[in-house]
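See below for the structure under consideration.
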Amino acid sequence: MEEIMRPLGVTQQEAIETWLTTLKNRFRPHYTLENISGGHDEPHVGRMETLYDEINPLLGNVVDRSEFVAAGWLHNVDRSRSLHEEVEKVGLEQYCRGILKTSPFSSESQNRIAVAVREHINKPAAASDGPLTLALKTADAIDRFNAVGVLSIAAHRGSKLPIYDLEKPFGFTGVEEQDLKTLYHDFMRVTSWYSHLFSDEARELANKYGFRTFIGFIRWLATDIARFTNQPNTVEQDLAVALGPYYSSF
Ligand SMILES: [Fe+2]
């Protein structure tokens with residue numbers, strides 16, 4: 002993006018707001034269904050943005066809203082088919098740093114945003130995560146736990162993988178995204194994010210947006226899968242693995 006020269010009299014925050022509008026206008030066409038599958042589209046980014054007001058207080062109100070918005074808009078660039086090649090060439094973090102260089106954000110802000118985008122992929126909250134990274138991870142996870150999020154997982158993964166395996170539908174032991182074989186296992190992978198949230202208050206927020214209903218849906222799904230495959234339903238073992246110490250609450 003063209004570097005924005007700040008005219009005299011325009012505050013830093015106004016310049017940032019203008020730049021964020023430019024950022025959104027640039028990436029909006031790449032976040033449409035032609036270029037990105039359901040779960041990573043503009044509405045996902047928009048829903049994450051609305052969680053800011055609830056997540057920021059849980060982190061001591063130290064997350065800058067503009068940094069959070071920028072990180073939200075950049076966190077999915079590598080998922081866009083129209084941007085994939087461009088992003089792949091330099092890597093997600095460097096691509097974001099290149100975009101942020103054109104912004105009025107301070108170099109510290111630019112660094113926080115690029116790191117948050119890079120780290121959001123590793124869902125477990127890490128001791129080294131700053132508040133912006135934790136906020137981005139939390140918003141990204143919680144947006145998968147509501148009804149739209151569950152449908153988004155199905156729309157995204159369900160277009161590429163079978164819903165369940167006919168021979169061995171159950172048996173979740175933890176799996177990386179690139180090794181997923183079925184949508185059922187993806188639901189389990191996303192379920193495991195609950196235990197990765199940075200605090201019990203963040204988990205309460207997940208509960209507020211329907212996490213318990215999500216677990217109920219998975220149990221319903223497993224009942225059907227067991228019936229359709231004629232296999233024993235061992236969803237409780239899978240949920241115990243995915244939820245870890247929180248299993249007993251569900
Ligand atoms: Fe996302």
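First residue of the sequence shown: 2, per the numbering used here; consecutive thereafter.
The beta-carbon is built from N, C-alpha and C at its ideal position, and this holds for glycine as well.
The alpha-carbon of aspartate 65 is positioned some 35 angstroms away from that of leucine 181. Apart from sequence neighbours up to five positions away, the residues of its chain that approach lysine 124 with a beta-carbon distance below 7 angstroms are Lys138, Ala142, Trp194 and His197, ordered along the chain. The continuous alpha helix (DSSP H) containing asparagine 208 extends over residues 201-209. Residue environment: glutamine 179 is assigned as exposed (fewer than 16 neighbouring CB atoms within 10 Å of its CB, all protein chains considered).
Look at the beta carbons and you see the segment 164-179 not touching the segment 52-59: under three pairs across the two are nearer than 8 angstroms. Under the DSSP assignment, aspartate 166 falls outside any alpha helix (DSSP H); it carries neither an H nor an E label. For asparagine 26, the Cβ stays outside the 7 angstroms cut-off from all heavy atoms of ligand 1. The beta-carbon distance between serine 83 and asparagine 36, rounded to whole angstroms, is 4 angstroms. This is short enough to meet the 8 angstroms contact definition.
Three or more beta-carbon pairs separated by less than 8 angstroms link the segment 184-194 to the segment 154-174, which places the two stretches in contact. For isoleucine 154, the enclosing alpha helix (DSSP H) covers residues 148-158.
For serine 108, the secondary structure class from DSSP, reduced to helix, strand or coil, is helix. Ranked by Cα distance from serine 250, the first of Phe212, Glu94, Arg113 and Asn231 is Phe212.
For serine 67, the uninterrupted alpha helix (DSSP H) segment begins and ends at 66-75. Counting the other Cβ atoms within 10 Å of the Cβ of valine 63 gives fewer than 16, which makes it exposed.
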